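**Student:** First to last, the sequence lines map onto chains E and L.
Quick note on the working numbering: the first sequence kicks off at 207 and runs consecutively.
Quick note on the working numbering: the second sequence kicks off at 207 and runs consecutively.
The following block contains the structure, expressed as C-alpha cells.
Protein chains: 2
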Amino acid sequence: MNNPEQFVINLYENQPVSFIGSVDQNGFPGIRAMLRPRKREGIKTIYFSTNTSTNKVEDFVENEKACVYFCDPVTFQGALLKGSMETLYSRQDREMIWQKGDEMYYPGGIDDPDYCVLKFNASSGRLYSDLRSVNFVIY
Amino acid sequence: MNNPEQFVINLYENQPVSFIGSVDQNGFPGIRAMLRPRKREGIKTIYFSTNTSTNKVEDFVENEKACVYFCDPVTFQGALLKGSMETLYSRQDREMIWQKGDEMYYPGGIDDPDYCVLKFNASSGRLYSDLRSVNFVIY
C-alpha cells in the first residue's frame with residue numbers, strides 16, 4: 207500500500223470486473239458491475255463504454271459524483287476511487303475506446319445512439335488490504 | 207426475472223461476495239465488498255457484520271440511504287436493492303449474527319467495541335440479466 211497508484215493498477219489489470227457507483231435523483235447510491243475499463247491515463251482518468259439507455263447514464267447526467275471500485279474477491283484487497291463521471295458522445299470519443307466485437311452490445315456500430323463513453327476523473331482514493339485502509343489524493 | 211425475489215435469493219445464496227453502497231458527507235457514492243450477509247428476512251431485511259471503525263459505518267450514521275448489490279461475474283446477472291442502512295450495537299443484535307471464527311475480525315468477541323451490525327431495509331430493486339433490466343418495489 208506504499209505505492210497507491212501501483213496498487214490500483216494491479217487490481218485494474220487483474221480483475222475482469224470493476225464496479226461503478228452513482229447517486230440517483232432521490233439521493234440513493236447505486237452500483238453496477240462493468241467490464242474492465244477500456245482505457246486509463248494513470249489512475250486519474252478511466253474510460254468505460256456503456257449503453258446510453260441505462261439508468262446509470264441518467265444518474266450521471268443529473269449528478270456527476272461517482273466512484274469506481276476494484277476488488278479481488280480472493281485476497282479481499284480493494285481500491286475505491288472517488289471523483290466525477292462525464293458522459294461523452296462525440297465520434298472522436300466513441301472511436302477512442304471502440305473494440306472489435308462491440309457490435310454485440312451496440313448493433314448500430316460506433317454511431318449507435320445507444321453507445322456512449324463514460325469518462326471518470328478521480329480526485330481521491332482509498333485502499334483496503336489486510337483489514338487496514340489508506341486514503342490518498344489523486345492529482 | 208419473472209420472480210424478482212427468487213432471482214435475488216439465487217444470487218444471494220451463490221455468490222461469496224456482496225457489495226454495499228453509501229453516500230459520504232460530500233455527496234460522493236462509495237462501494238465496499240462484504241462477505242455474504244449473515245441473515246435475511248425475505249429480501250426486505252438483510253444483516254451484515256462489520257467493523258465499527260470503518261468509514262462506511264460513519265457514512266451510514268450520517269446518511270442512511272444505501273444499496274446492496276449482488277452480481278454473478280460469469281453470467282453478468284445482477285440485483286441492486288435500494289433502501290436504508292441502520293447500524294446496531296445492542297447485545298441482542300450482536301448475538302443474532304455472531305458466528306464462530308468472528309474473533310479473527312473482532313478479537314474482543316461479541317462485545318468488541320469494533321464489532322457492529324448493519325441492518326439493511328430494502329424498498330426497491332432492479333434486476334439485470336441478458337442486457338435487460340426490470341424494476342420492482344419491495345413491500
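Every residue gets a Cβ at the ideal spot worked out from N, C-alpha and C, and that includes glycine.
Quantities reported herein were computed from a predicted structural model and do not represent experimental measurements.
What are the complete alpha helix (DSSP H) segments, minimum 4 residues, inside the stretch 276-344 of chain L?
**Tutor:** The stretch 276-344 of chain L contains these whole alpha helix (DSSP H) runs: 297-303.
**Student:** Let me make sure I understand the geometry here. Which of E/N208, E/Q221, E/G289 has the alpha-carbon closest to that of L/V229?
**Tutor:** Residue E/G289 is the option with its Cα nearest to L/V229.
**Student:** Under 8 Å Cβ-Cβ, which residues of chain L neighbour E/G307?
**Tutor:** Chain L residues near E/G307: none, gap ~14 Å exceeds 8 Å.
**Student:** When you compare the CB positions of E/E211 and E/G248, do they come within less than 8 Å of one another, or not?
**Tutor:** Yes; because the gap between Cβ atoms is below 8 Å, this pair is in contact.
**Student:** Which two residues bound the contiguous alpha helix (DSSP H) that contains L/I215?
**Tutor:** Per DSSP, L/I215 belongs to the alpha helix (DSSP H) from 210-220.
**Student:** Listed from N- to C-terminal order along the chain, which residues in the stretch 284-298 of chain E have their beta-carbon within a distance smaller than 7 Å of any beta-carbon of chain L?
**Tutor:** Under the 7 Å Cβ criterion, the stretch 284-298 of chain E contributes G284, L286, K288.
**Student:** Can you list, in chain order, the residues of its chain with a C-beta nearer than 8 Å to that of E/V263? Leave out the 5 residues immediately preceding and following it.
**Tutor:** Cβ neighbours of E/V263 beyond the five flanking positions: T256, N257, T293, C322, L324.
**Student:** Is the distance from the Cβ of E/E270 to the Cβ of E/Q231 below 8 Å?
**Tutor:** In this structure, E/Q231 does not lie closer than 8 Å to E/E270 by Cβ.
**Student:** Quick one: does L/K262 have its CB under 8 Å from some CB of chain E?
**Tutor:** It does not: the Cβ of L/K262 has no partner Cβ on chain E nearer than 8 Å.
**Student:** Could you give the residue range of the alpha helix (DSSP H) that holds L/F266?
**Tutor:** L/F266 -> alpha helix (DSSP H) spans 261-268.
**Student:** From the DSSP output, in three-state form, read off L/T256 for me.
**Tutor:** Strand, per DSSP.
**Student:** Give the DSSP-derived three-state secondary structure of L/Y235 in the structure shown.
**Tutor:** A small fix is needed here, since residue 235 of chain L is Pro in this sequence, not Tyr. L/P235: strand per DSSP, three-state reduction.
**Student:** Using the rule of at least 16 other Cβ atoms within 10 Å of the residue's Cβ for burial, across every protein chain shown, is L/Y312 buried or exposed?
**Tutor:** Classification for L/Y312: buried.
**Student:** Span of the beta strand (DSSP E) holding L/K245?
**Tutor:** Looking at the DSSP string, the run of the beta strand (DSSP E) that includes L/K245 is 245-247.
**Student:** Output needed for L/F342: all residues of its chain with C-beta closer than 8 Å, excluding positions within five of it in sequence on either side, in chain order.
**Tutor:** Counting only Cβ-Cβ distances below 8 Å, and skipping sequence neighbours, we find P210, S330, G331, R332, L333.
**Student:** Can you confirm whether E/F234, when its beta carbon is compared against all beta carbons of chain L, has any partner nearer than 8 Å?
**Tutor:** Closer than 8 Å: yes.
**Student:** With the cut-off set at 8 Å, would you say L/I237 and E/G233 are in Cβ contact?
**Tutor:** Not in contact: L/I237 and E/G233 (Cβ atoms no closer than 8 Å).
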